[in-house]
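Letter by letter, the sequence shown follows residues 1 to 136 in the working numbering. Have a look at the structure below, then the notes.
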Amino acid sequence: MDEKLFAVLLGTIAGAVGYWVTTFWMKPILQYRDLRIKVFADFIFYAQVVNAEGLNDRMKVLYEDRIKSNRGNSADLAACLTELPFWYRWWIRAWGHAPEKAVKHLIGFSNTTDYEAAEKLIRAITKALGFKIEIT
């Protein structure tokens with residue numbers, strides 16, 4: 001086989017493999033990691049607005065934003081989990097993460113107005129996503 005043809009063939013195969021790995025492995029993994037951090041950041045940002053009763057108008061808007069954010073994060077995380085490669089799902093489960101539980105708890109957290117229940121759900125979500133830091 002001619003060396004130039006071999007180099008072209010090898011380059012094409014390497015490019016195709018690189019595209020496949022990047023598109024179907026790395027992109028979903030990076031998206032999952034970004035969503036994990038977003039959930040954690042939203043907990044900190046919306047920490048004071050668990051219950052809308054007695055809040056001023058600005059805080060009521062934050063309360064509504066918290067609900068939308070948690071529901072959106074839950075939907076995004078659920079969609080992202082379907083795209084993760086099997087070996088990465090196995091890896092995060094081996095490390096004790098349970099993102100499927102986090103999806104379920106995020107919906108429950110968006111519906112709660114009780115501070116104690118919210119605190120328990122935050123702890124469950126952060127544990128399910130593998131965070132070691134306590135927020136509350």
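Idealized CB from N, CA, C, for every residue including glycine. Predicted model, so just to flag it, every value in this text is computed and none were measured.
With residue 95 and residue 54 assumed to form a contact (beta carbons below 8 Å), what rounded beta-carbon distance in angstroms separates them?
The pair is not a contact, with the Cβ atoms about 41 Å apart (cut-off 8 Å).
Comparing C-alpha positions only, which one of 78, 115, 4 and 116 sits nearest to residue 100?
78
Proximity to residue 104 [Cα-Cα], best of 113, 91, 3 and 121:
121
Per DSSP, what kind of secondary structure is residue 132 in: helix, strand or coil?
coil
C-alpha distance - residue 108 paired with residue 86, whole-angstrom precision:
27 Å
Does the separation of the CB atoms of residue 75 and residue 102 fall below 8 Å?
no
Whole-number beta carbon distance between residue 73 and residue 106, since they are thought to touch under 8 Å:
6 Å
Is DSSP giving residue 112 helix, strand or coil here?
coil
Does the distance from the C-beta atom of residue 63 to that of residue 47 stay below 8 Å?
no
Boundaries of the alpha helix (DSSP H) in which residue 87 is found, first to last residue:
86–94
Ordered along the chain, which non-local residues of its own chain (more than five positions away) have a Cβ less than 6 Å from that of residue 83?
28
With 16 other CB atoms within 10 Å as the buried threshold, where does residue 7 fall?
exposed
Can you tell me the Cα-Cα spacing of residue 15 and residue 35, whole angstroms?
28 Å
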